[in-house]
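Chains as they are written, first to last, in our numbering: chain A, 18 to 183; chain B, 49 to 569; chain C, 167 to 802; chain D, 10 to 109.
Don't be surprised by glycine CBs; every beta carbon is placed ideally from N, CA and C.
Quick caveat: nothing in here was measured; it's all calculated off a predicted structure.
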């Protein structure tokens, strides 16, 4: 059962990711991206990270993508015309992606080899959110506080940058 | 706070005073600067009077730890070699401030600060006995000079000239820094204590292979400063673009740091290498003499002509140093001072002409000696002194150098003496085109003669020009012992025979009984 | 009184200081007076010292007065001191005497010149340096006088600096002198290396046993010294500056280029007679060059039309005689001719000066003629001078020139023949000058109002004429004790005793008398030829010049020496240094320096291309970097 | 039970697609979205490995990554907005002021 669900999410997310890249209209790309995020949320569930799945849906699909859509709408961008003068760039991009993919496959193999020996028991931890919260507020308290400041900075930055120019 | 430290840092305090002073009232600023430089000069006369004549070693030595960890000490002191160079710097700083009274209009405050900083740098270089301290002052002296040329030079190519001057000297001094560090570590490894102290470095036994590289590194830095033949192209540019005062100080004092460096560092620290490089450096010096004189002949710009004449004169000095005998080196020391006065005065004179006519091309002048008779007499005296007319200061130094060179290698003297003829040719040709002939150009007719201030300055220079020529004994008595010390240090570890006579290294010439001696040796 | 010798040189110095610095406000008379009195002072002191030395026995006549040490460095010790001995006294007397007379003369001659004060300052400075040169006690001090005199001749030749020609002539004189001084300088260094000192007394005392006679060292020293002498006394290679030196005021030519400065070379050779007698090769070189110069200069003198140029070439020729005398070892004869020449040559120059003064600056003899009636006093004094120069019996020139010719005959008949030809030519061109200016029909154009010079100029002419006549009697040949000058000089020249050819046997006397008549005859023949060509039928010179036009033009243009030396020396040096500066300095060295700067610039421009401005290009860089790192870390 | 390698492969593919998207697309916002995609791919690998290691730390990291992503998105969009306001375009090629 889990296997089937994984394959569905995997295929759907890849298909929609490719569509996101190829779509002319930015809004369509945004929508495709939302679908990809949802599939990922499902995979998090499969991996037993319910809390993160929820956060994923809320934060990414909910907040960030809405923000994206909002900005796209604000700038009412027309379709991206295929800029003529850039065949060269596409070529480079294509080749680099190809090589990148191959390399990454190698790496994942390599990484996995290093990790293979440590397959711990996949115990499903009850109360995933409690565990995450407990860990978050003990061991990772400092990063937690730092991220709050980071968010504050981001807010101020966004206001200043996008604020009403005099 | 010993005598030397006061002299070195008084101008610095003066610079601070000027910095505080009111910007718009430029005359008060100049007055402060003049007062400070005069005070420094009078104190430095204390050095002269307190100097023990017969003693060749360092006197007035002050030593205070600076950075113990690295073994860097604040050690200063003078001997016969640096005594008169310090006096020259203090005196010429006074002359510089006086000469720049009317000359500099814009940014007077910064100008005076640069001048006083330059003075500190100059004196510091001549008095420091710690290699690190020497290098610090060497760089300190560079920056104000760069600013002097770059900011107050004449607008045409001053930036090019300033940058060229800076990069040329910097290139050389970086190599010197490397050499100093090598010396430092070698000193550490061979004697256990890491120190930059010059005196203890003198005692080091450096293997010949290392000596050669160190000699070349130090030598290059000093050769660029002298300037010797291949490295001299910065001098004409720096001189033509520098303000009058800038080129006076540049010619009179800064050029001497190169030759002083040879005497203070290259010869005593690396004797075997020095003896090895004598033919090379003497050769370059000879080329410098003849080349400088020949090229000076065809210059259309007076300042450029005088610059090339300095290349020729300093070629003599280097030849004197590398004759490696008492007469040659004492003559070289004297010629350094003479060149300071005669070329300094020449630049002052050209500056005065430039102030009146705002041009330096010889062709623009003609028949000035009728229009400005007082100016003509001073110009005549200085020209004759730079030609080396006996009775004036140039001759004593030049004759001793030629004598020293002749003792070591007669051929050197034969070529070097050619420089004496060429000097007469280009100086008199220039003098004739500027001063004689009829007053054909309209602007020359209305030039006003020297003001009282200008006469006072030139009188000071003329006094020393004559005094050196007629009675050089007090200077020679103080220089000779220190030169003998340096020579003895070179002789101890090289093939040269007894220090006093400084017999020629290779062959002895002419007289029968000396031939017999040569056979025995 | 001897140790007041430094007073002799001090007086002119006081004159220079007074006239030069304080004299701006003095009226002309006072300036002239100060100048002349200063020289008179030194002349009188010289006479007092001369009298005192005369009373001393011959042996102790040389003494040295040292003032202070000038340079004491290493093994070199030079002090400022003066040598009082017969030779220097003779020179002192001649120099101060003649210059005093010329000072008086120039008070009149330069009366209306606006550079009057400057002129007297320079003249006094010149006499100061000349007296130092003559009475120095060491080579170095003599060199000080040597170059000082060169400087003053530069200043005085270029006195009228407004005009271009004098300025050029001055510069030429100084440079050519400097070339001579180059030789002197090298000789001094050689002497110092050999003897460890530069003082005359020690050098000449040590010379015979330190230097091997005829050896390389002594020959080189003497030849270099002679090069210096040639520079100063205008001998063959370095005489080019003297004819141009006539651009200066005439009293200057009289003083510097006739009486004193040019004789400095002869004095130096005589002073170093000890060294020269040790180097026979150098003696021959001196003699040959002397003889050559005598003939060569006389030949050019034949064709000159400018009266001062004629006298200039005759000076060069007479100097040739003096060197000829020294070359054959007759140093005292050389000095004797030097002294007499100083008198009559100064007289001739001053005479020419007063002719110029009367003719409002006209120098070209072709525009003169029949001035005899208008300027009688000048004519008669000029005639006496010419007779003395030509070597006619009772006059000074006869005795001194004859003594030289006689001593030369002892050595080699060829040189004697040269000397005789020279004498013939001298007599010819001198009388040609006299006939063209004073006799024949007047070619003077009308508006020139010819007048006799003022008395202040004529008295000096008279005195010099008297000296030209009486001068000869201090060196009478044949009669015992007649040659008082030679006896007086013996202590100085005796040092070189064995070199001199002084064996006057009894039977020689008759032969010498015959030779005196022969030289007198040669001189008279010259005069007769001149009279024939310029008085009897003036057409002859034109006809002669057409027929030998090639030779005539050659001699007239002074053998094209000036143009040749300009082309051979001056141009190549100028172009060479131009090339040196342009090619070597600018292109090579500056090129390398700026080149390194340019290379840096070009390299940085290539690197700039990386900044394409394309954001994605940079991203590509990142990814590439990441891949590379991962590859290295994991796959390697 | 789905083993971790498959998740890692999925994450890798998504990541490469994100990278490709960044190069291919001209529109700044779409590039921005691709970057978000890449971030999520990384999150996926994090969680997959955290599960295989059996420790929660990985998930906490993902949590932090998400906050950073949010902050970054906000600021990024603000930048794009001001860029658009100034240059009236967000086509990456035309924003090449830093070009030499």
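Open item on the list: Am I right that residue 449 of chain B and residue 367 of chain B are in contact with their C-beta atoms under 8 Å? What's the rounded C-beta distance?
Closed with: If you number the second chain from 1, residue 449 of chain B lands on position 401. If you number the second chain from 1, residue 367 of chain B lands on position 319. 6 Å between Cβ atoms; contact.
Open item on the list: Check whether chain C comes within 8 Å of residue 105 of chain D, counting only Cβ atoms and requiring the distance to be less than that.
Closed with: Counting from one through the fourth chain, the residue named residue 105 of chain D turns up at place 96. Taking CB atoms only, residue 105 of chain D has a neighbour in chain C less than 8 Å away.
Open item on the list: If distances are taken between C-alpha atoms only, which option among D:61, D:64, D:56, D:63 comes closest to residue 14 of chain A?
Closed with: Absent from the model: residue 14 of chain A. The displayed extent of chain A is 18 to 183, so no value can be given.
TODO: Following the continuous alpha helix (DSSP H) through residue 417 of chain C, name the residue where it begins and the one where it ends.
DONE: As a position in the third chain, residue 417 of chain C is number 251, starting the count at 1. Counting along the chain, the alpha helix (DSSP H) containing residue 417 of chain C begins and ends at 416-420.
TODO: Answer with yes or no whether the minimum CB distance from residue 194 of chain B to chain C is below 8 Å.
DONE: Counted from its first residue, the second chain places residue 194 of chain B at position 146. Chain C contact via Cβ: absent.
Open item on the list: Taking the straight line between their C-alpha atoms, what separation do you get for residue 33 of chain B and residue 172 of chain C?
Closed with: Nothing about residue 33 of chain B can be reported from this structure: the residues present for chain B run from 49 to 569 only.
Task: Per-residue contacts from residue 448 of chain B into chain C (C-beta, under 9 Å) - done: On the second chain, position 400 is the one that residue 448 of chain B refers to. Simply 237, 239, 240, 242.
Open item on the list: I need the straight-line Cα distance from residue 206 of chain B to residue 294 of chain B, nearest angstrom please.
Closed with: Walking along the second chain from the start, residue 206 of chain B turns up at place 158. Walking along the second chain from the start, residue 294 of chain B turns up at place 246. Going by the C-alpha atoms only, they are around 12 Å apart.
Task: Enclosing alpha helix (DSSP H) for residue 259 of chain B [first to last residue] - done: As a working note, residue 259 of chain B is residue 211 in the second chain. Residue 259 of chain B -> alpha helix (DSSP H) spans 256-273.
- [ ] Out of D:64, D:69, D:45, state which residue places its alpha-carbon closest to the alpha-carbon of residue 78 of chain D.
- [x] Position 69 of the fourth chain holds residue 78 of chain D. Checking every option, the nearest Cα to that of residue 78 of chain D belongs to D:45.
Open item on the list: Under 7 Å, CB to CB, which of the residues in the stretch 17-34 of chain D have a partner in chain C?
Closed with: 28, 31, 32
Task: Integer-rounded CB distance, given that residue 342 of chain B should sit under 8 Å from residue 742 of chain C - done: Along the third chain, one-based indexing puts residue 742 of chain C at 576. Along the second chain, one-based indexing puts residue 342 of chain B at 294. About 7 Å; that satisfies the 8 Å criterion.
Open item on the list: Within 8 Å, do at least three Cβ pairs link the stretch 420-428 of chain B to the stretch 495-515 of chain B?
Closed with: yes
- [ ] If I'm right that residue 224 of chain B touches residue 265 of chain B with Cβ under 8 Å, what's the distance once you round it to whole angstroms?
- [x] Taking the second chain and counting its residues from 1, one reaches residue 224 of chain B at position 176. Taking the second chain and counting its residues from 1, one reaches residue 265 of chain B at position 217. Contact holds; Cβ gap of about 6 Å.
Open item on the list: For residue 157 of chain A and residue 70 of chain D, what's the separation of their Cα atoms in angstroms?
Closed with: Within the first chain, residue 157 of chain A is the residue found at index 140, counting from 1. Within the fourth chain, residue 70 of chain D is the residue found at index 61, counting from 1. Taking the straight line joining both Cα atoms gives about 9 Å.
TODO: Find the residues of chain D that neighbour residue 164 of chain A, judging by a C-beta separation of less than 9 Å, and give them in chain order.
DONE: As a position in the first chain, residue 164 of chain A is number 147, starting the count at 1. Ordered by position in chain D, the residues that pass the 9 Å Cβ test against residue 164 of chain A are 72, 73, 76, 77, 80.
Open item on the list: Considering only the alpha carbon of each residue, which of B:240, B:381, B:466, B:351 lies closest to residue 406 of chain B?
Closed with: Counting from 1 along the second chain, the entry for residue 406 of chain B is found at position 358. Ranking B:240, B:381, B:466, B:351 by Cα distance to residue 406 of chain B puts B:351 first.
Open item on the list: Taking 8 Å as the threshold (beta carbon to beta carbon), is residue 333 of chain C in contact with chain B?
Closed with: Here residue 333 of chain C is taken as the residue at index 167 of the third chain, counted from 1. Chain B contact via Cβ: present.
TODO: Find out if the Cβ-Cβ distance for the pair residue 353 of chain C, residue 394 of chain C is shorter than 8 Å.
DONE: Translated into the one-based positions of the third chain, residue 353 of chain C becomes position 187. Translated into the one-based positions of the third chain, residue 394 of chain C becomes position 228. Closer than 8 Å, so yes.
- [ ] Return helix, strand or coil for residue 123 of chain B, following the three-state DSSP convention.
- [x] Locating residue 123 of chain B in the second chain gives position 75, counting from the first residue. If DSSP states are grouped into helix, strand and coil, residue 123 of chain B belongs with the strands.
TODO: Would you verify that the beta carbon of residue 806 of chain C is, or is not, closer than 8 Å to some beta carbon of chain D?
DONE: In the structure displayed, chain C extends from 167 to 802; residue 806 of chain C sits before or after that span and is not available.
Task: Local Cβ density within 10 Å of residue 281 of chain B, reported as buried at 16 or more and exposed below that - done: The count along the second chain starts at 1 and reaches residue 281 of chain B at position 233. So residue 281 of chain B counts as buried.
TODO: For residue 250 of chain C, name the three-state secondary structure that DSSP assigns.
DONE: Within the third chain, the letter at position 84 stands for residue 250 of chain C. The answer is strand: DSSP assigns residue 250 of chain C an E or B state.
Task: Member of B:54, B:208, B:221, B:307 whose CA lies at the smallest distance from the CA of residue 130 of chain B - done: Position 82 of the second chain holds residue 130 of chain B. Comparing Cα-Cα distances from residue 130 of chain B to each of B:54, B:208, B:221, B:307, the minimum goes to B:307.
Task: Proximity test, Cβ basis, 8 Å: residue 789 of chain C and chain D - done: Translated into the one-based positions of the third chain, residue 789 of chain C becomes position 623. Interface residue, yes.
TODO: Go through the stretch 341-418 of chain B residue by residue and report every complete run of the alpha helix (DSSP H) that reaches 4 residues or more, in order.
DONE: Runs of the alpha helix (DSSP H) inside the stretch 341-418 of chain B: 350-369, 374-405.
TODO: Would you mind stating whether residue 532 of chain B and residue 374 of chain B have Cβ atoms separated by less than 8 Å?
DONE: Working through the second chain from its first residue, we reach residue 532 of chain B at position 484. Working through the second chain from its first residue, we reach residue 374 of chain B at position 326. Yes.
TODO: Compile a chain-ordered list of the residues in the stretch 41-61 of chain D whose CB is closer than 8 Å to at least one CB of chain C.
DONE: none
- [ ] Let me know if residue 480 of chain B comes out buried or exposed under the rule of 16 or more other beta-carbons within 10 Å of its beta-carbon.
- [x] Looking up residue 480 of chain B in the second chain gives position 432. Counting Cβ neighbours within 10 Å, residue 480 of chain B comes out buried, since at least 16 surround it.
Open item on the list: Taking 8 Å as the cut-off, does the stretch 183-190 of chain C touch the stretch 245-253 of chain C (at least 3 CB pairs, one atom from each stretch)?
Closed with: no
- [ ] Give the residues of chain F in contact with residue 34 of chain A, contact being defined as C-beta atoms less than 7 Å apart.
- [x] Reference to chain F is not applicable here, since the protein chains of this structure are A, B, C and D.
Task: Rounded C-alpha distance that separates residue 131 of chain C from residue 314 of chain C - done: Because chain C is modelled from 167 through 802, residue 131 of chain C falls outside the range shown and cannot be assessed.
Task: Where the beta strand (DSSP E) through residue 56 of chain A begins and ends - done: Looking up residue 56 of chain A in the first chain gives position 39. Per DSSP, residue 56 of chain A belongs to no beta strand (DSSP E); it is in the alpha helix (DSSP H), 43-63.
- [ ] Please check if any C-beta of chain D sits within less than 8 Å of the C-beta of residue 181 of chain A.
- [x] Reading the first chain from its first residue, position 164 is the one you call residue 181 of chain A. Residue 181 of chain A does not count as touching chain D.
Open item on the list: Counting only Cβ-Cβ distances shorter than 7 Å, please list the residues of the stretch 324-357 of chain C near chain B, keeping chain order.
Closed with: 324, 327, 328, 330, 333, 337, 340, 341, 344, 345, 348, 351, 352, 355
Open item on the list: Which residues does DSSP list as the beta-bridge partners of residue 243 of chain C?
Closed with: Taking the first residue of the third chain as position 1, residue 243 of chain C is located at position 77. Answer by DSSP bridge pairing, in chain order: C:238.
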